[in-house]
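Engineer:
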Ligand SMILES: Cc1cc2nc3c(=O)[nH]c(=O)nc-3n(C[C@H](O)[C@H](O)[C@H](O)COP(=O)(O)O)c2cc1C
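In the numbering used here, the protein residues as written are 1 to 314.
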């Protein structure tokens, strides 16, 4: 059967499952585990650690696995990382945080497929005008930096699908085959998972962080700093309770993020995480996550197919 999934054609993997870019976390230890398991590992550059990120890209290239790179436009100090990526042999880039207009052409001229992460229909339309190859549609359920005008993945996917023809990768609130099947029903051809992979066995973060995610309920996160920037979704904690009550986040609130990520000090900074923490109840390997997601996706779509064939609601 001829493959018609455009995301798969673009990312060159076995499954249309992408590991989200996450500062310091989305490096070769995690990305290689995801790519080996048939998904697409993505290397971050949002940490701003240019030399370390270049070394991580070189490591992934040396492994010969498919992978992508994220360029968070607003956080790039200059065009050094853009130039490096264009010359690196990378085939797939996601851009985020800012307008991709100036990035699309140089990346495409270097033979790279470019998807941009969008939180609204207006942003999606601008990207299509700029010649983007596809979109990462990021709903408000997701962890990390957020648009303060929260639109759920459920609504955002439908709204964007109705207006644009480019392939869509759904992100925010997806951590298993149920979420994947739902995203496909709404018009996505791929999914991206952040929180699910932060809590994976191969994720480099401290076990305290993984356990906090496993133990949290679906109500265990909140969106902070909606009236300023960055607006983020993170786990509830004493520290984030204070920020929530205050309504504003001190400018240095994320300064301790590496102590949180790697030393396990859960009060050192807001612990970025999405609402799927309420669905994640064990630490799994990247392989288990991807195998379980794919198996559940096909169980659900098979059931749906039977319903359609019988013209029955079950
Ligand atoms: C711990 C964590 C760190 C993140 N850091 C970044 C980042 O540095 N850059 C970025 O573009 N997105 C970042 N994100 C957002 C993810 O790329 C992704 O869009 C989001 O996690 C998807 O939603 P999910 O958490 O429900 O899977 C982060 C998310 C998490 C959970």
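We put the beta carbon where it would ideally sit given N, CA and C, even for glycine.
#1: Since I believe residue 234 is in contact with residue 204 (beta carbons under 8 Å), could you give me their beta-carbon distance rounded to a whole number of angstroms?
#2: Relative to the alpha-carbon of residue 87, which residue among 10, 109 and 76 has its alpha-carbon at the smallest distance?
#3: Do residue 58 and residue 42 have their beta-carbon atoms positioned less than 9 Å apart in this structure?
#4: Going by Cα to Cα distance, which pick from 188, 74, 130 and 112 is closest to residue 101?
#5: Is residue 57 close to ligand 1? I mean its beta-carbon at under 8 Å from any heavy atom of the ligand.
#6: Report the three-state DSSP secondary structure of residue 92 (helix, strand or coil).
#7: If you compare alpha carbons, which of 27, 39 and 38 is closest to residue 47?
#8: Compute the Euclidean distance between the alpha carbons of residue 223 and residue 238, then round it to the nearest angstrom.
#9: Note down the Cα distance separating residue 198 from residue 280, rounded to an integer number of angstroms.
#10: Alpha helix (DSSP H) containing residue 106: first to last residue?
#11: Looking at ligand 1, does it come within less than 8 Å of residue 272, judged from the CB to the closest heavy atom?
#12: How many Å lie between residue 133 and residue 191 at the Cα?
Structural biologist: Inspection of the coordinates gives the following:
#1: Here residue 204 corresponds to residue number 204 of the chain shown, with the count starting at 1. Here residue 234 corresponds to residue number 234 of the chain shown, with the count starting at 1. Not a contact, Cβ separation roughly 18 Å.
#2: Residue mapping note: residue 87 aligns to position 87 of the chain shown, counting from 1. Among 10, 109 and 76, the Cα nearest to that of residue 87 belongs to 109.
#3: Position 42 of the chain shown, counting from 1, holds the residue named residue 42. Position 58 of the chain shown, counting from 1, holds the residue named residue 58. Contact: no.
#4: Residue numbering aside, residue 101 sits at position 101 when the chain shown is read from its first letter. If we check each option's Cα against that of residue 101, 130 comes out closest.
#5: For the purposes of this step, residue 57 is identified with residue 57 of the chain shown, where counting begins at 1. For ligand 1, not one heavy atom lies less than 8 Å from the Cβ of residue 57.
#6: Walking along the chain shown from the start, residue 92 turns up at place 92. Strand at residue 92.
#7: Here residue 47 refers to the residue found at position 47 of the chain shown. Checking every option, the nearest Cα to that of residue 47 belongs to 27.
#8: Translated into positions along the chain shown, residue 223 becomes position 223. Translated into positions along the chain shown, residue 238 becomes position 238. Approximately 15 Å between the Cα atoms of the pair.
#9: Reading the chain shown from its first residue, position 198 is the one you call residue 198. Reading the chain shown from its first residue, position 280 is the one you call residue 280. Those two C-alpha atoms are separated by around 11 Å.
#10: Within the chain shown, residue 106 is the residue found at index 106, counting from 1. Segment 101–109, the alpha helix (DSSP H) holding residue 106.
#11: In the chain shown, counting from the first residue as 1, residue 272 sits at position 272. Checking every heavy atom of ligand 1 against the Cβ of residue 272, one is found closer than 8 Å.
#12: Counting from one through the chain shown, the residue named residue 133 turns up at place 133. Counting from one through the chain shown, the residue named residue 191 turns up at place 191. Taking the straight line joining both Cα atoms gives about 16 Å.
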